[in-house]
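Trainee:
In the working numbering, the protein residues as written are 4 to 884.
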């Protein structure tokens with residue numbers, strides 16, 4: 004059966020773009036190109052390819068005006084300008100269709116609808132079936148016995164098939180009446196006017212009786228009252244609207260039926276396109292011919308590799324430098340199974356099964372020899388995993404993960420294939436291609452499949468190392484890489500391996516108390532609402548609050564009433580159950596996150612310790628994050644949070660020592676922006692919030708309220724707070740908040756100049772950077788979307804400050820760790836929690852470590868103002884904070 008698909012390509016792209024843009028998810032590749040529209044378009048085409056067809060054509064709208072604009076200049080005049088983020092994607096749409104081998108056509112002056120109309124009419128006899136794919140109902144006028152239309156929903160997960168019969172059943176009129184219908188009701192989206200005051204029901208009723216617009220006017224005398232007046236006074240508009248809505252099916256064009264046969268993609272070009280756009284999902288689904296890479300002199304001469312099975316074989320190939328990759332099976336590397344090592348050097352490629360490597364003295368001696376240089380990917384992961392097997396790794400001179408992260412901090416997904424692909428290296432598989440994922444995650448029976456994969460990773464490291472270091476040097480980031488990030492990896496690895504002790508009895512006590520309070524609140528909520536229901540179901544809770552209790556401020560989303568925290572806060576004074584609900588949510592979150600989460604983490608090694616994982620390449624600002632479990636967000640202000648901090652304890656005969664920077668980000672701002680008055684306050688050890696209050700309130704008599712407001716402004720400015728945001732924080736009017744900000748910049752003019760420069764840099768060069776050349780790319784700063792642009796500008800103001808503060812703490816950690824080792828002290832760094840460092844200290848080293856930590860943190864970087872440190876000792880985290 005011959006079947007033709009006629010696809011409205013412009014419609015697909017626009018719908019794909021707005022489906023994600025509405026949620027703020029625009030997607031970008033590492034070059035800052037917006038890709039969400041193209042990604043959605045490709046996804047849609049993949050769904051379309053599952054349909055049966057022999058021929059297809061994608062119709063596209065032309066640039067500029069069409070023949071409809073020639074008769075009505077205001078055609079589509081009510082539409083907003085196309086967002087620049089979408090306009091940027093237009094050329095890639097045509098490129099995709101070309102490399103994918105998809106026939107597509109565009110013609111000046113004629114819309115995609117007209118192209119589809121021409122094909123539906125003129126090729127009708129050539130095909131058994133023609134299916135139009137578009138959500139544009141204007142195309143319903145083309146439906147016929149062998150012409151139907153698919154209207155999709157939820158990205159083609161659901162579709163409606165329209166035929167003449169189903170259209171009549173759903174809309175109440177026939178395809179031939181579509182233009183008459185539009186003549187009566189118009190079309191606001193295209194700025195087609197129609198007859199003022201005529202809606203859907205009236206139009207359908209008139210067409211049911213009179214069949215066509217022409218016939219309605221021939222029987223005008225049969226109409227009564229205002230309806231007659233409306234129709235009679237708008238005859239010219241009605242027929243003009245019908246003309247605008249009519250699809251042109253006859254015009255000169257170059258469409259040839261022989262060109263509509265689908266022959267498939269050019270795999271090499273399509274692969275290249277996906278790589279450029281960084282569409283890794285689609286790359287995984289392709290089986291493209293292997294891309295040939297030009298070999299550099301440093302790349303192994305032979306793409307085959309040797310499997311080494313003895314110490315003597317291993318000893319012969321060990322050299323320096325050498326690329327090394329340890330493959331692990333499992334997401335948490337504290338407990339993941341070690342599979343084997345891939346090795347690459349100028350001599351060749353090698354694979355060592357782990358059971359062979361761990362018995363090889365030559366290999367273990369080479370690993371711990373810091374004179375033997377090693378290049379790897381995620382040094383921290385390898386070091387931690389091997390520490391659990393009593394194997395040391397030293398001499399790592401290059402980490403591809405960290406080098407890539409500094410070049411492009413948007414690469415926050417620590418996936419080997421994703422990262423190397425961003426540097427145009429593709430000769431390696433995705434992990435999920437080897438091991439699958441989810442419930443199907445498993446080790447392949449064929450060992451060679453795994454060894455190939457591991458060796459290819461080592462080969463990629465060796466191939467990319469020089470190119471990436473060249474880029475790091477170009478960005479002036481070699482110091483950042485070699486003196487901060489790389490040594491920090493080793494420090495973090497030892498912190499993770501050491502772990503922090505947990506008081507299990509205290510944890511159980513807290514868990515039982517939380518559970519009791521949650522149960523009591525649950526009963527109270529049921530009593531206050533008069534019935535039992537699922538408190539954790541927003542849908543059921545919304546029904547109780549807004550239907551049964553009739554509370555105000557109801558707002559609906561797709562699944563029912565919204566019951567988020569912003570809604571509940573508005574309702575606090577209207578019903579006593581609201582306070583109980585908010586407390587219930589707070590306690591259940593504490594119970595699941597900390598009691599259940601920490602209890603689960605304790606079973607990891609059964610050593611009464613928590614061993615977290617610090618993510619060193621996961622944030623765009625350069626700050627560390629923590630997972631499995633997250634120890635960065637341990638609450639501190641609430642009573643429950645204070646109790647939770649008591650479960651983090653030290654070993655017997657040791658002390659916990661906590662040190663953190665005081666107002667580090669304000670000090671960084673003062674230094675970077677050269678803020679004279681702020682620097683003076685820090686140098687003279689004044690209360691900086693008090694000093695700010697004196698300047699903006701023009702008085703020396705500062706009340707506690709004034710200081711709180713000044714503090715909110717000081718920190719709010721760092722985070723790019725708007726007048727509205729500040730007004731919300733301080734519970735004042737936006738106008739008053741605006742005055743505060745204005746006065747602040749008047750007294751600290753250097754800050755205004757600094758912030759303006761960061762925004763300008765983000766707009767002109769596309770990024771801002773820290774004191775240590777860490778970049779953050781901010782394409783949002785030039786977005787045509789106002790909210791996105793404002794968000795980008797706030798990031799531009801904050802990123803250099805927050806990133807510089809993070810870098811300073813990293814430098815301090817590296818210096819402290821080095822000094823502890825040089826002096827052979829028994830003190831260990833346990834945790835990093837934002838600006839805070841936590842140590843485990845033997846009592847006899849208390850005085851020594853205090854002096855070391857204070858000295859190195861205060862002088863980690865040369866500042867013209869003091870970096871002030873606060874520290875204390877205790878036996879648990881609550882006591883030291």
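The beta carbon of each residue, even a glycine, is placed where N, CA and C say it ideally should be.
Keep in mind that this is a model prediction, so the values were computed, not measured.
Classify residue 43 as helix, strand or coil using the three-state DSSP reduction.
Mentor: Locating residue 43 in the chain shown gives position 40, where the first residue counts as 1. Reduced to three states, the DSSP call for residue 43 is helix.
Trainee: DSSP on residue 752, reduced to helix/strand/coil?
Mentor: In the chain shown, residue 752 corresponds to position 749, counting from 1. The answer is helix: DSSP assigns residue 752 an H, G or I state.
Trainee: Thinking just about the alpha-carbon of each residue, which of 66, 781, 44, 682 is nearest to the one in residue 99?
Mentor: Counted from its first residue, the chain shown places residue 99 at position 96. Among 66, 781, 44, 682, the Cα nearest to that of residue 99 belongs to 44.
Trainee: To which residues does DSSP link residue 62 through a beta bridge?
Mentor: Sequence index remark: in the chain shown, residue 62 carries index 59 (1-based). DSSP, once it has assigned bridges, lists 11, 108 as partnering residue 62.
Trainee: Do you know how far the Cα of residue 849 is from the Cα of residue 658?
Mentor: Counting from 1 along the chain shown, the entry for residue 658 is found at position 655. Counting from 1 along the chain shown, the entry for residue 849 is found at position 846. Rounded to whole angstroms, residue 658 to residue 849 spans 8 Å at the Cα level.
Trainee: Which residues in the same chain have their Cβ closer than 6 Å to the Cβ of residue 655, if we skip the five residues on either side of it in sequence?
Mentor: Within the chain shown, the letter at position 652 stands for residue 655. Closer than 6 Å at the Cβ level, and outside the excluded window around residue 655, lies no residue.
Trainee: Please determine if the region 530-541 and the region 568-588 are in contact, where contact requires at least 3 C-beta pairs separated by less than 8 Å.
Mentor: Because the criterion of three Cβ pairs below 8 Å is met, the region 530-541 and the region 568-588 touch.
Trainee: Could you name the residues of the same chain whose beta carbon sits closer than 7 Å to that of residue 474, not counting the 5 residues immediately before and after it, in chain order?
Mentor: Counting from 1 along the chain shown, the entry for residue 474 is found at position 471. Result list for residue 474: 410, in chain order.
Trainee: Name, in chain order, the residues that DSSP records as bridge partners for residue 133.
Mentor: As a first step, residue 133 is located in the chain shown; it is residue number 130 there, counting from the start. In the DSSP output, where bridge partners are listed per residue, residue 133 has 7, 150.
Trainee: So what does DSSP say about residue 400, is it helix, strand or coil?
Mentor: Counted from its first residue, the chain shown places residue 400 at position 397. In this structure, residue 400 counts as strand in the three-state DSSP scheme.
Trainee: Let's test the definition: count the other Cβ atoms within 10 Å of the Cβ of residue 200 and tell me whether it reaches 16, buried, or not, exposed.
Mentor: Looking up residue 200 in the chain shown gives position 197. Exposed, because fewer than 16 other Cβ atoms sit within 10 Å of the Cβ of residue 200.
Trainee: Please give me, in chain order, every unbroken run of the beta strand (DSSP E) with length at least 3 that falls completely inside the region 310-375.
Mentor: The qualifying runs are 325-332, 340-348, 351-356.
Trainee: Below 9 Å between beta carbons: does that hold for residue 617 and residue 499?
Mentor: Locating residue 617 in the chain shown gives position 614, counting from the first residue. Locating residue 499 in the chain shown gives position 496, counting from the first residue. Against a cut-off of 9 Å, the Cβ pair of residue 499 and residue 617 comes out as a contact.
Trainee: Quick check on residue 394: does DSSP put it in helix, strand or coil?
Mentor: Numbered from 1 along the chain shown, position 391 holds the residue referred to as residue 394. In the structure shown, residue 394 sits in coil (DSSP, three-state: anything other than H, G, I, E or B).
Trainee: In the DSSP assignment, find the alpha helix (DSSP H) that holds residue 600 and state where it starts and stops.
Mentor: Against the chain shown, residue 600 aligns to sequence position 597. Note, residue 600: alpha helix (DSSP H), 600-605.
Trainee: From this set, 157, 166, 160, which residue's C-alpha is nearest residue 148's C-alpha?
Mentor: In the chain shown, residue 148 corresponds to position 145, counting from 1. Closest option to residue 148, Cα to Cα, is 166.
Trainee: Do residue 265 and residue 38 count as a contact pair if the criterion is CB distance below 9 Å?
Mentor: For the purposes of this step, residue 38 is taken as the residue at position 35 of the chain shown. For the purposes of this step, residue 265 is taken as the residue at position 262 of the chain shown. Against a cut-off of 9 Å, the Cβ pair of residue 265 and residue 38 comes out as no contact.
Trainee: Just confirm the distance between the C-beta atoms of residue 10 and residue 214, as a whole number of angstroms; I'd bet it's less than 8 Å.
Mentor: Position 7 of the chain shown, counting from 1, holds the residue named residue 10. Position 211 of the chain shown, counting from 1, holds the residue named residue 214. Not quite, the Cβ-Cβ distance comes to about 32 Å (not below 8 Å), so this is no contact.
Trainee: Can you tell me whether residue 629 is buried or exposed? The criterion is at least 16 other CB atoms within 10 Å of its CB, across all chains shown.
Mentor: In the chain shown, the residue the question calls residue 629 occupies position 626. Per the 10 Å Cβ criterion, buried.
Trainee: Considering only the alpha carbon of each residue, which of 448, 243, 380, 622 lies closest to residue 802?
Mentor: The sequence position of residue 802 within the chain shown is 799, counting from 1. Considering only alpha carbons, the answer is 622.
Trainee: Quick one, which of 343, 486, 373 has its alpha-carbon nearest residue 363's?
Mentor: Locating residue 363 in the chain shown gives position 360, counting from the first residue. That would be 343, whose Cα lies nearest to the Cα of residue 363.
Trainee: Report buried or exposed for residue 298, applying the criterion of at least 16 other Cβ atoms within 10 angstroms of its Cβ.
Mentor: Along the chain shown, one-based indexing puts residue 298 at 295. With a pLDDT of 33 at residue 298, under the threshold of 50, the modelled position of this residue cannot be trusted; read the value that follows with caution. It counts as exposed.
Trainee: With distances taken between CB atoms, is the gap from residue 143 to residue 86 smaller than 9 Å?
Mentor: The count along the chain shown starts at 1 and reaches residue 143 at position 140. The count along the chain shown starts at 1 and reaches residue 86 at position 83. No, these two residues do not count as a Cβ contact at 9 Å.
Trainee: List the DSSP bridge partners of residue 772.
Mentor: In the chain shown, counting from the first residue as 1, residue 772 sits at position 769. In the DSSP output, where bridge partners are listed per residue, residue 772 has 778.
Trainee: Compute the Euclidean distance between the alpha carbons of residue 552 and residue 594, then round it to the nearest angstrom.
Mentor: Locating residue 552 in the chain shown gives position 549, where the first residue counts as 1. Locating residue 594 in the chain shown gives position 591, where the first residue counts as 1. If I take the Cα positions, the gap works out to 29 Å.
Trainee: Taking one C-beta from the region 276-291 and one from the region 430-445 each time, how about it: are there three or more such pairs within less than 8 Å?
Mentor: Yes, the region 276-291 touches the region 430-445.
Trainee: Considering only their Cβ atoms, is the gap separating residue 660 from residue 880 smaller than 9 Å?
Mentor: Against the chain shown, residue 880 aligns to sequence position 877. Against the chain shown, residue 660 aligns to sequence position 657. No, the pair does not count as a contact, with Cβ atoms beyond the cut-off.
Trainee: Tell me which same chain residues have a C-beta within less than 7 Å of the C-beta of residue 741, skipping the five on either side of it?
Mentor: Within the chain shown, the letter at position 738 stands for residue 741. The residues are 726.
Trainee: Can you give the Cα-Cα distance for residue 483 and residue 817, rounded to whole angstroms?
Mentor: In the chain shown, the residue the question calls residue 483 occupies position 480. In the chain shown, the residue the question calls residue 817 occupies position 814. When rounded, the distance between both Cα atoms is 12 Å.
Trainee: Alpha carbon to alpha carbon, what distance is there between residue 107 and residue 543?
Mentor: Start at 1 with the first residue of the chain shown, and residue 543 comes out as number 540. Start at 1 with the first residue of the chain shown, and residue 107 comes out as number 104. Approximately 49 Å between the Cα atoms of the pair.
Trainee: From residue 302 to residue 808, what distance separates their C-alpha atoms?
Mentor: As a working note, residue 302 is residue 299 in the chain shown. As a working note, residue 808 is residue 805 in the chain shown. Only weak support is given to the placement of residue 302: the predicted model assigns it a pLDDT of 43, under 50, and the value that follows is read from those uncertain coordinates. Distance between the alpha carbons of residue 302 and residue 808: 39 Å.
Trainee: Does DSSP put residue 161 in a helix, in a strand, or in coil?
Mentor: Start at 1 with the first residue of the chain shown, and residue 161 comes out as number 158. It is a strand residue.
Trainee: Put residue 439 into one of helix, strand or coil per three-state DSSP.
Mentor: Along the chain shown, read from residue 1 onward, the residue named residue 439 stands at position 436. Reduced to three states, the DSSP call for residue 439 is coil.
Trainee: In or out: residue 847 buried (at least 16 other Cβ within 10 Å) or exposed?
Mentor: For the purposes of this step, residue 847 is identified with residue 844 of the chain shown, where counting begins at 1. Burial call: exposed.
Trainee: With a 10 Å radius around its C-beta and 16 neighbouring C-beta atoms as the bar for buried, classify residue 341 as buried or exposed.
Mentor: Here residue 341 is taken as the residue at index 338 of the chain shown, counted from 1. Classification for residue 341: buried.
Trainee: When DSSP labels each residue in this structure, what does residue 877 get in the three-state scheme?
Mentor: Here residue 877 refers to the residue found at position 874 of the chain shown. Looking at residue 877 - three-state DSSP - the assignment turns out to be strand.
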